[in-house]
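**Q** Below you'll find the structure I mean.
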Amino acid sequence: MTSQQIKILMVVVALGALAVIVPNTNSFVILLSTRALAFAILVMSLDILLGYTGLASLGQAAYLGVGAYATAILATTYQFGLGMDFWLVILFGMLVGAALAAVFGLLAIRATGVYFLMITLALGQCVWGLAYRWNSLTGGDNGINLRVKPKFAGLDLGHDVTFFYVVFFLFALSLLAMYVLVQSPFGRSLAGIRERELRMQILGYNTWLHKYIAFIIAGGFGGLSGVLWAHTAGIVSPENVVLTTSVDALLMAVLGGAGTLVGGVIGSFIVFGLREYLSTLVPWWQYVLGAVYVLTILYLPFGLMGIPERIRQWRASSGKQADPKTLASVPS
Amino acid sequence: MTGTSRLRVNPALLGCVALAMAPMSSAGAQEELRIGFVAPTTGIFAQVGKDMVDGFQMYLDEVKSDFGGAKVKFIVEDEQGKPDTAVTKAKKLVLQDKVHMLVGGLLASSGYALAPVSTAEKVTYVVSIPAADDLTQRDLPKYPYLVRTSWSSSQPSHPFGQWACDQGYKKIVTIGADYAFGYEVVGGFQRAFEACGGQVVQKIWPPLGSKDFGPYLPTIKRDADAIFSLMVGPMSLQFPKQLRASGNRKPVIGGGTSYDEFVLPAMGDEVIGHVSALQYSAALDTPKNAAFVKAYRSKYGKVPSYYSESNYTTAQMINQVIRNNKGKFPGNEEFVKQLAALKLDTIRGPVSIDEMRNPVQNIYIKKVERKKMFGYDKDELWNTVIKTYPNVNQFGQFKKAEFLATPVYGRDYPPCKFCN
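These protein sequence lines map, in sequence, to chains A and B.
When we follow the numbering used here, the leftmost residue of the first sequence carries the number 1, and every step to the right adds one.
When we follow the numbering used here, the leftmost residue of the second sequence carries the number 1001, and every step to the right adds one.
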């Protein structure tokens, strides 16, 4: 087995373990895991930009926001998406997210580095402003309540384990899709752009188009994350679209390890675990969260997914020192 | 050797077992009432959240956490000022801690987020702060296990509009924070003021959290008799200062949060003479309130705000119902029904609950004065009560059916007929 295959096997085993263990814990843990998985889709979508294309976006919450608002408005105003048509809403949420990204991308993609950060931040805040001020559509500050969850074909998403599995299924599908994407020739050329855009241009790649398409795909997955998020929380409010939500996503991606996809999932679970579970146990959870961030930045610049690499390096360096001794002790 | 060590271990083990048994056996004899309290204890609203928790805790300390024989287990969860965190934490309280009731929430958005949880999880929700009108008005049928013990946003505004007419004000400019709570406080005032012949000639909506009112102050119409402000948090501090600095000398009146005890200690002489309306003032001159203010201040080092009082009173009301049931939680429907039937003499005055489960209570018109109160030897700012409107319900001087037929107060409702 190649190391790549071993890695895939490890992820599959970890996901399988998650799918088996979580439903056997208590309802609160199931709820938190569902939320973490739904949010992890957003973090992974951001990772396509951050880790694979080298574009740090500060406006990713906007796509979660439009997906979530679309779901809430369809469900409350038109009673749409509460049965089998839930799957249509998922499709629609992805389309809305992608469409918004297509518009924003036209403005944002021309910039790089800090300027890209600033433009995505500004665009994200535009969505927040709409959510906050467009009272007749979004309910303003109070947001929109989703009182019922979809029910279809004998599945009641109001039941927490069922809902967990539905979210898990969509999450796994997204992970697979994004993995295929980043491994494809298209994904490799994104990595090429990340490493050296000029060289890619000289080789004849239309780098703008590559980045634009990556941006749209990330927006689409952001929209999907929003649809699921709306149903996990049961409420959609401007709080979902604020800057801190985008920053959270960015921090989770960096914490887990950018450019790894699964790193974002780990980051998402760690942050949700600390912020929403540890906070029910101790009042000083914020210090723990802060310490995790600081220590990761200081010692693990490649995030938690960088740990095996760190261990390998450490082993290799200590192994070298040990080498002469072992050689000497081996009788020849 | 081994024998002695075993002997040593055994009593310790026994002690452990006894310790473990003790609470179990007492729990068997005594009912436990689990109250899940949702308040922001971190984030920008942390200080308000502290007032809420302190108020409730103070009552628990006074009765030694004993509600008619039931031992109260008070579980505080941090909603971080975010509605979806409020939902998560409420679910934790319901699913993991199996609480009998949820209490609290701060912002209107938290209230709107928690109410459906109460319906879905079939758990009582005692709304001890969120003032969103519709929780006990147009949306009430959706929330069968909800009862409010605080106030509805527009409740103090209705008598206040009448009061403004009585002062002879004809034209008023409103300036209020641009969000749902602001719309409701300003809207209630406008409806009442225009019902008695006044005119709101201009409505200004600075964004929530504005710190610079420079762009808005020069636009205030010159022919207005007074300014009605609705500020929250740091906005409350900035607005009067900048208004004074701009040279505007018109009388200023405002919603309760523009001058509540939470912001008052940080204010200066620029607010003296400003008038506001709310269901509570720390300067309420009754023996009950004097005792409360003194006890609260010696315990927590600050004057209680309505956040403290409301939660103290909520605890008192819950106690009353549980005591009437001899320490047993009577079930959601019955609890809500009995709580709604209470008539209590509380710190803020007599409180009963109307048929739409919102309190009927005194509304106090308060003027900011610098003076000594309750024997404290320093001159401080206090909200002196200058007029009391007794037993005001959420519809005030309006008929319930007509009131409910109109939309909830918003940015554009009531329309500004006299704005031009």
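For glycine and all other residues, C-beta sits at the position ideal for the given N, C-alpha and C.
1. Mind listing which residues of the segment 274–291 of chain A have their C-beta closer than 9 Å to chain B's C-betas, in chain order?
2. Just to check my reading of the structure: B:Pro1251 and B:Ala1226 have Cβ atoms closer than 8 Å, yes? What is that Cβ distance to the nearest angstrom?
3. Name the chain B residues that come within less than 8 Å of A:Leu251, Cβ to Cβ?
4. Does the Cβ-Cβ distance between A:Leu281 and A:Ile270 come in under 8 Å?
5. Measure the beta-carbon distance from B:Lys1366 to B:Val1385 and round it to whole angstroms, keeping in mind my assumption that it falls under 8 Å.
6. When you compare only the Cα positions, how much space is there between A:Leu100 and A:Gly219?
7. Against chain B, with Cβ distances strictly below 8 Å, would A:Glu239 count as a contact?
8. Run through chain B and tell me which residues come within less than 7 Å of A:Gly140, C-beta to C-beta.
9. A:Thr232 lies in the alpha helix (DSSP H); which residues open and close that run?
10. Determine the direct distance from the alpha carbon of B:Val1293 to that of B:Gly1424, and round the result to whole angstroms.
11. Any beta carbon of chain B sitting closer than 8 Å to that of A:Asn24?
12. Are the C-beta of A:Gly93 and some C-beta of chain B separated by less than 8 Å?
13. Give the DSSP-derived three-state secondary structure of B:Val1076 in the structure shown.
14. Within the chosen definition, does the segment 1104–1114 of chain B reach the segment 1126–1140 of chain B through at least 3 CB pairs nearer than 8 Å?
15. Using DSSP bridges, identify the partner residues of B:Ala1226.
16. So that I know if they touch, is there some Cβ in chain A lying closer than 8 Å to that of B:Tyr1112?
17. What does a CB cutoff of less than 7 Å around A:Tyr69 pick up in its chain, not counting 5 residues either side in sequence?
18. Taking only three categories from DSSP, how would you classify A:Trp333?
19. To the nearest angstrom, how far is it from the Cα of B:Val1009 to the Cα of B:Arg1297?
20. Does chain B have any CB closer than 8 Å to the CB of A:Phe28?
21. Tell me which residues share the same chain as B:Arg1138 and place their Cβ nearer than 8 Å to its Cβ, disregarding the 5 neighbours each side in the sequence.
22. What are the boundary residues of the alpha helix (DSSP H) that A:Ile21 is part of?
23. For B:Met1231, which three-state DSSP category applies?
24. Alpha carbon to alpha carbon, how far is B:Arg1249 from B:Glu1270? Give it in angstroms, no decimals.
25. Closer than 9 Å, Cβ to any Cβ of chain B: which residues of the segment 93–113 of chain A, in chain order?
26. Which residues in the same chain as A:Met200 place their Cβ atom closer than 7 Å to its Cβ, once the five residues preceding and following it in sequence are excluded?
27. Tell me which residues share the same chain as B:Val1076 and place their Cβ nearer than 6 Å to its Cβ, disregarding the 5 neighbours each side in the sequence.
28. Which stretch, first to last residue, makes up the beta strand (DSSP E) that contains B:Asp1345?
29. Does the beta-carbon of A:Met84 have 16 or more other beta-carbons within 10 angstroms, so that it is buried, or is it exposed?
30. Listed from N- to C-terminal order along the chain, which residues in the segment 1131–1142 of chain B have their beta-carbon within a distance smaller than 8 Å of any beta-carbon of chain A?
31. Here's the rule: buried if 16 or more other CB atoms are within 10 angstroms of the residue's CB, otherwise exposed. What is B:Asp1223?
32. In terms of residue numbering, what span does the alpha helix (DSSP H) encompassing B:Trp1382 cover?
33. Identify which residue in A:Gln286, A:Gly105, A:Val166 has its Cα closest to the Cα of B:Gly1043.
34. Within 8 Å of any Cβ in chain B, is that where the Cβ of A:Ala214 sits?
35. Given this structure, state the Cα-to-Cα distance separating A:Tyr277 from A:Glu239, to the nearest angstrom.
36. Closer than 8 Å between beta carbons: that is the criterion. Which residues of the segment 28–53 of chain A meet it against chain B?
**A** Reading from the atomic positions:
1. Listed in sequence order: Arg275, Glu276, Tyr277, Ser279, Thr280, Pro283, Trp285, Gln286.
2. Position 251 of the second sequence, counted from the first residue, corresponds to residue 1251 of chain B. Position 226 of the second sequence, counted from the first residue, corresponds to residue 1226 of chain B. B:Pro1251 to B:Ala1226, Cβ: 4 Å. Contact.
3. Here residue 251 of chain A is taken as the residue at index 251 of the first sequence, counted from 1. Near A:Leu251 there are no residues of chain B at all, since even the closest Cβ is about 16 Å away, more than 8 Å.
4. Indexing the first sequence from 1 puts residue 281 of chain A at position 281. Indexing the first sequence from 1 puts residue 270 of chain A at position 270. Taking the C-beta atoms as reference points, A:Ile270 is found no nearer than 8 Å to A:Leu281.
5. As a working mapping, residue 1366 of chain B is identified with position 366 in the second sequence. As a working mapping, residue 1385 of chain B is identified with position 385 in the second sequence. Between B:Val1385 and B:Lys1366 the Cβ distance is about 5 Å, and since that is below 8 Å, they are a contact.
6. By one-based count along the first sequence, residue 100 of chain A stands at place 100. By one-based count along the first sequence, residue 219 of chain A stands at place 219. When rounded, the distance between both Cα atoms is 7 Å.
7. Mapped onto the first sequence, residue 239 of chain A falls at position 239. Yes, contact with chain B.
8. Here residue 140 of chain A refers to the residue found at position 140 of the first sequence. Residues of chain B passing the Cβ test: Tyr1179, Ala1180.
9. The count along the first sequence starts at 1 and reaches residue 232 of chain A at position 232. Boundaries of the alpha helix (DSSP H) around A:Thr232: 207–233.
10. Only positions 1001 to 1420 of chain B appear in this structure, which leaves residue 1424 of chain B out of reach.
11. Indexing the first sequence from 1 puts residue 24 of chain A at position 24. Not an interface residue.
12. The residue you call residue 93 of chain A lines up with position 93 of the first sequence. No, because no Cβ of chain B sits closer than 8 Å to the Cβ of A:Gly93.
13. Here residue 1076 of chain B refers to the residue found at position 76 when the second sequence is read from its first residue. Annotated three-state conformation of B:Val1076 is strand, per DSSP.
14. Taking 8 Å as the limit for Cβ pairs, the verdict is that the segment 1126–1140 of chain B does touch the segment 1104–1114 of chain B.
15. As a position in the second sequence, residue 1226 of chain B is number 226, starting the count at 1. B:Ile1172, per the DSSP bridge assignment.
16. To locate residue 1112 of chain B, count along the second sequence from 1; it is residue 112. So yes, B:Tyr1112 belongs to the interface.
17. By 1-based counting over the first sequence, the position of residue 69 of chain A is 69. The beta carbon of A:Tyr69 lies closer than 7 Å to those of Ala131, Thr138, Val236 in the same chain, with the five residues before and after it left out.
18. The first residue shown for chain A is 1 and the last is 332, placing residue 333 of chain A beyond what the model contains.
19. Translated into positions along the second sequence, residue 1009 of chain B becomes position 9. Translated into positions along the second sequence, residue 1297 of chain B becomes position 297. Annotation note: pLDDT 42 at B:Val1009 (below 50); position unreliable, coordinate value reported separately. Straight-line Cα distance between these residues: approximately 49 Å.
20. Position 28 of the first sequence, counted from the first residue, corresponds to residue 28 of chain A. So, interface residue.
21. In the second sequence, the residue the question calls residue 1138 of chain B occupies position 138. Contacts found: Leu1404, Val1408.
22. What you label residue 21 of chain A is simply residue 21 of the first sequence in a count that begins at 1. Run containing A:Ile21: 3–21, per the alpha helix (DSSP H) assignment.
23. On the second sequence, residue 1231 of chain B is found 231 positions in, with the first residue counted as 1. Secondary structure at B:Met1231: coil, using DSSP grouped into helix, strand and coil.
24. The residue labelled residue 1270 of chain B in the question sits at position 270 within the second sequence. The residue labelled residue 1249 of chain B in the question sits at position 249 within the second sequence. Note on geometry: alpha-carbon atoms of B:Glu1270 and B:Arg1249 lie some 11 Å from one another.
25. Residues of the segment 93–113 of chain A with a C-beta atom less than 9 Å from some C-beta of chain B do not occur.
26. The sequence position of residue 200 of chain A within the first sequence is 200, counting from 1. Annotation for A:Met200: Ser189, Gly192, Ile193, Thr207 place their beta carbon closer than 7 Å to its own, counting only its chain and skipping 5 residues before and after.
27. Looking up residue 1076 of chain B in the second sequence gives position 76. The answer, listed in chain order, is Phe1037, Val1053.
28. Here residue 1345 of chain B is taken as the residue at index 345 of the second sequence, counted from 1. If you look at B:Asp1345, you'll find it in the beta strand (DSSP E) that goes 1343–1346.
29. Sequence index remark: in the first sequence, residue 84 of chain A carries index 84 (1-based). Counting Cβ neighbours within 10 Å, A:Met84 comes out exposed, since fewer than 16 surround it.
30. Legend: CB atoms of the segment 1131–1142 of chain B lying less than 8 Å from CB atoms of chain A belong to residues Ala1132, Lys1142.
31. The count along the second sequence starts at 1 and reaches residue 1223 of chain B at position 223. Here B:Asp1223 is exposed. Its C-beta has fewer than 16 other C-beta atoms within 10 Å.
32. Within the second sequence, the letter at position 382 stands for residue 1382 of chain B. Where B:Trp1382 is concerned, there is no enclosing alpha helix (DSSP H), although the beta strand (DSSP E) it sits in stretches over 1380–1392.
33. Position 43 of the second sequence, counting from 1, holds the residue named residue 1043 of chain B. Of the listed residues, the one whose Cα sits closest to B:Gly1043 is A:Gln286.
34. As a working note, residue 214 of chain A is residue 214 in the first sequence. Judged by the 8 Å Cβ criterion, A:Ala214 is not in contact with chain B.
35. Indexing the first sequence from 1 puts residue 277 of chain A at position 277. Indexing the first sequence from 1 puts residue 239 of chain A at position 239. Distance between the alpha carbons of A:Tyr277 and A:Glu239: 20 Å.
36. When C-beta distances to chain B are compared with 8 Å, the residues of the segment 28–53 of chain A below that value are Phe28, Leu31, Leu32, Arg35, in chain order.
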